[in-house]
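The structure under discussion appears below in the form of structure tokens.
In full-length UniProt numbering, the protein residues as written are 1 to 164.
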């Protein structure tokens, strides 16, 4: 009897990080549900992850094994000029997504950033104390706390570069 192919839901699937994550899971032959909000291309599902009811319905329908949360507002001007909206996306929706994952039996992996640190002593270790210097770093650190409260996993990549 063949085993069932695991399912992964990836938020922010149209962004640089999300596309890279999707590629890795595609190479491993996982069933992928890629979520995007503003740049919904072929094979992606349009979803506003700040809409908790819509996210819950989609998770209940798709039943992913894992949810990789790569969506975030990271543009410095947008973070500064639309801080409440940024907190809704980077913090509140992250916490809601973690709670939905936990209640549905999925496991959330939250992609954070090294912007949660002040830049004084890289490379950072898991034991280093966050000290964000800007609003983006603060929202990602607050997002980390929100997802960790729901027993989710957290990953802090140090640098994202586009493919050459």
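All residues carry an ideal CB built from backbone N, CA and C; glycine is no exception.
Which residues DSSP lists as bridging residue i, in chain order
i, result
"residue 49", "According to DSSP, which records beta bridges pairwise, residue 49 is partnered with nothing at all."
"residue 242", "In the structure as shown, the chain starts at 1 and stops at 164, and residue 242 therefore has no counterpart that could be examined."
"residue 110", "69, 154"
Secondary structure of residue i, DSSP reduced to three states
i, result
"residue 133", "coil"
"residue 74", "coil"
"residue 8", "strand"
"residue 149", "coil"
Residue environment, residue i, which counts as buried when at least 16 other CB atoms sit within 10 Å
i, result
"residue 152", "buried"
"residue 4", "exposed"
"residue 33", "buried"
"residue 94", "buried"
"residue 172", "Lying before the first or after the last residue shown, residue 172 is absent from the chain, which here runs from 1 to 164."
"residue 85", "exposed"
"residue 60", "exposed"
"residue 126", "exposed"
Proximity winner among the options, relative to residue i (alpha-carbon distances)
i, options, result
"residue 76", "108, 21, 47, 136", "136"
"residue 52", "70, 89, 68", "89"
"residue 102", "150, 13, 117", "150"
"residue 41", "123, 117, 31, 18", "18"
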